[in-house]
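Heads up: the structure comes next, in C-alpha cells.
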Amino acid sequence: MHIVIDSLYKTFGATTALENISLQFEGGEFVTVLGSSGCGKTTLLHLLAGLTTPSKGSILIDGEQKDTPGADRVVVFQQAGLYPWLNVSDNIEFGLSLQGVDKAQRRRASSDILHTIGLDGFASHKPYELSGGMQQRVAIARALVMKPKVLLMDEPFGALDAQTRSSMQTFLVSLWEQLRCTIVFITHDIDEAIVLGTRLVVLSARPGRVALDTPIELKRPRTAESAFDAHFLDLKKRAMAILSH
Ligand SMILES: Nc1ncnc2c1ncn2[C@@H]1O[C@H](COP(=O)(O)OP(=O)(O)OP(=O)(O)O)[C@@H](O)[C@H]1O
Ligand SMILES: [Mg+2]
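Using this note's numbering, you'd call the opening residue of the sequence shown number 11 and step up by one each time.
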C-alpha cells in the first residue's frame with residue numbers, strides 16, 4: 011500500500027498542529043515517528059486512519075483520498091482498550107463479526123493469532139485477568155486479525171514497564187517480518203524509534219513539521235548491542251538535537 015502525504019496542514023481553531031507535511035510511505039515499510047508532546051503525532055495518525063480530515067493538502071492511499079476509516083488501516087492505541095465484557099477471543103473477533111464473517115471462520119482466525127502472540131489457552135479469559143503486556147498483545151492481535159495493509163500504532167508500549175516493552179518490541183518486529191504490512195509507529199522514545207524502524211521521521215515541536223526523514227540502516231536482528239553502533243548513535247544525536255529545541 012502506497013501512501014502519499016502531500017503539503018498537509020491540520021489546524022484546530024487557532025492552533026496549527028501540523029504544518030506542510032509531505033511524506034511518502036511504500037508498502038512494507040516500518041516507519042517510526044518521533045516528536046515532542048503536542049507536536050501533532052496523534053493527529054497525523056488520525057489523519058492516516060481517516061478519523062479526521064486535513065485542513066489543507068491531501069493524503070492519497072494507493073492513489074485514492076480516503077476520508078473515512080477502513081479495515082485496511084487499523085489503529086492500536088497506547089491503552090489496549092479491550093472490551094471488558096468480552097473475553098479475549100471475542101475481543102479479537104469483534105471486527106470480523108462486524109464484517110459478517112461466520113463464527114467458525116472467526117474462531118479459526120482468533121485461535122491462529124492467539125498462537126502467534128503466544129497466548130494459547132487464554133481465549134476465554136476476560137481482559138482484567140491479563141497483565142498489561144498481555145492485554146496489549148491482544149489489542150495488537152485484534153488489529154492484525156483484520157489483515158490490515160497498514161498498522162497505525164500510537165505509543166502502543168508507552169504504558170509498559172521496560173522489560174515488557176522490550177519483549178513487545180521483539181514480538182512486533184517478528185510479526186512485521188512475517189506479515190510485511192506497513193507500520194507507522196509513533197513514540198517519544200528515541201531508542202525505541204531507532205531500534206524498531208526501517209525509517210525514522212522526526213517532527214519539530216508544534217506546529218509539527220518534518221525535521222528529519224531518514225532510513226535506519228542497522229542490520230537485524232537488532233540487539234542491545236545495536237545501541238552502540240555508530241549509525242545508531244548518529245541518528246540518536248540528530249533526533250535529540252531536534253527534540254531538544
Ligand atoms: N480534537 C482536537 N481539538 C482541538 N485541538 C486538538 C485536537 N486534537 C489535537 N489538538 C491539538 O493539536 C496539537 C497536537 O495534538 P496531538 O494529540 O496530535 O499531539 P501529540 O504529538 O500526539 O502529543 P502527545 O505526545 O502528548 O501524545 C495539540 O496542541 C492539541 O491540543
Ligand atoms: Mg499523542
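Where is the CB? At the ideal position from N, CA and C, for every residue including glycine.
This structure is a prediction, so every number in the text was calculated from the model and none was measured.
What's the call for D77, buried or exposed, on a 16-neighbour Cβ count within 10 Å? D77 comes out exposed.
Going by DSSP in three states, D199 sits in which element: helix, strand or coil? When secondary structure is reduced to three states using DSSP, D199 falls in the coil class, being assigned neither helix nor strand.
According to the neighbour-count rule (16 or more other Cβ atoms, all chains shown, within 10 Å of its Cβ), is G50 buried or exposed? buried
Starting from V84, follow the beta strand (DSSP E) in both directions and report where the run begins and ends. From DSSP, the beta strand (DSSP E) with V84 extends over R83 to V86.
In three-state terms, what does DSSP make of M163? DSSP places M163 in strand when its eight states are reduced to three.
Is the beta carbon of T26 closer than 9 Å to that of I196? no
Enumerate, from N- to C-terminal direction, the unbroken alpha helix (DSSP H) stretches of 4 or more residues contained entirely within the stretch 90 to 123. The qualifying runs are 98 to 108.
Using 8 Å for Cβ pairs, my map puts F242 next to L228. What's the rounded Cβ distance? 6 Å
Nearer than 8 Å: is that true of the beta carbon of F195 relative to any heavy atom of ligand 1? F195 Cβ: outside cutoff for every heavy atom of ligand 1.
L70 - containing beta strand (DSSP E), residue span: K66 to I71
Could you compute how far the alpha carbon of S141 sits from the alpha carbon of A90? 11 Å
Could you check what DSSP says for R209 in three-state terms: helix, strand or coil? strand
Within 9 Å, strictly: CB atoms of V160 and R83: yes
Please go through the same chain and pick out, in chain order, the residues whose beta-carbon is closer than 8 Å to the beta-carbon of Q75, but skip the five residues on each side of it. S68 and I69
At least 3 beta-carbon pairs within less than 8 Å: the stretch 126 to 144 vs the stretch 176 to 193: yes
Run the proximity test for E165: is its beta-carbon closer than 8 Å to any non-hydrogen atom belonging to ligand 1? yes
Does the Cβ of T233 have 16 or more other Cβ atoms within 10 Å, making it buried, or fewer, making it exposed? exposed
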